[in-house]
Structure formats: C-alpha cells, structure tokens
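Reading through the structure tokens given below for one structure.
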Amino acid sequence: MPGDPSLAALWEMEPSIRVASCESACLTKWANTRLIGVASTGAMSLNIKVLELLAEWWAKQVDMPQAIPIDKLRDQVVEWRTLMGFPTDHGAIASDSWGLKRLLSYGLRRWLAGAR
C-alpha cells in the first residue's frame with residue numbers, strides 16, 4: 004500500500020529481529036547448517052516473527068494466497084541489509100531470500116490443505 008513502510012523497514016524496526024540478526028548478519032535462522040533452506044514447521048518456528056511480518060506485508064498486496072516472486076523478496080532482503088548496515092553478501096542474500104520464499108510457500112500449502 005502506498006505510504007506503508009517497506010517490508011525491509013518493518014523487519015529493521017522489530018527488536019527481536021534486530022537482536023537475532025546482529026549475531027549472524029542473516030535474517031533467517033536454521034536448526035543446523037545441513038538444514039539451511041529446508042522448509043519445515045520447525046524452521047518456520049525459528050523464523051516466526053520474520054514470516055509473520057512477511058505474510059502481513061504480502062497479504063496487503065495480493066487478492067488471494069500466492070507465493071511471493073523471488074525478485075520482490077530479494078529486493079526487500081537487500082534493503083534490510085542496507086538498513087542494518089550489513090555488507091553486501093550475495094550468499095546471505097540468496098539464503099535469506101530463497102529460505103523465506105520456501106518457508107512462506109510451505110506455510111501457504113499447509114494452510115490451503117487445512118493443516119493445523
């Protein structure tokens with residue numbers, strides 16, 4: 004919506020996200036390095052606030068549940084890294100962008116299937 008803050012700004016303003024990301028310089032959290040990018044309910048629980056803000060922001064922009072295009076998500080991750088003062092790290096940008104896309108898509112599929 005015009006005048007609303009960007010998703011990147013919403014992430015940057017959220018204290019719990021700021022604290023957690025300052026330790027790792029990444030937006031997403033994973034149970035271990037072997038599970039980076041693997042969508043699961045466990046991974047969703049580690050990233051709940053990031054996903055909550057993403058879902059609320061994205062839902063205002065679409066008429067029905069749908070996956071977010073990766074370019075839109077990548078732009079928000081890059082902007083967030085800039086707002087946080089983190090250096091450009093293409094690996095972290097890709098990991099955060101694709102990880103969040105997978106997690107949101109996984110959550111949408113579960114919701115559409117009626118999972119609780």
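Be aware that the sequence shown starts at 4, since it is given in the working numbering, and climbs by one per residue. Cβ atoms here follow ideal geometry from the backbone N, Cα and C, with glycine treated the same way.
CB contact flag (residue i, residue j, <8 Å)
i      : j      : result
Leu13  : Leu49  : no
Glu15  : Trp60  : no
Cys25  : Asp99  : no
Ala62  : Leu111 : no
Pro68  : Leu115 : yes
Ile96  : Arg77  : yes
Gly102 : Gly40  : yes
Residue burial classification, residue i (beta-carbon count within 10 angstroms, cutoff 16)
i      : result
Lys104 : buried
Val80  : buried
Ser19  : exposed
Ala42  : buried
Gly117 : exposed
Trp33  : buried
Thr31  : buried
Leu38  : exposed
Val22  : exposed
Cys65  : For the record, residue 65 in the displayed sequence is Val; it is not Cys. Exposed.
Expected contact under 8 Å - CB spacing of residue i and residue j to nearest Å
i     : j      : result
Ala46 : Leu107 : Not confirmed; about 11 Å, so no contact.
Residue i at chain B interface by Cβ criterion, 8 Å
i     : result
Leu10 : Of the protein chains in the structure, only one exists, and it is not chain B.
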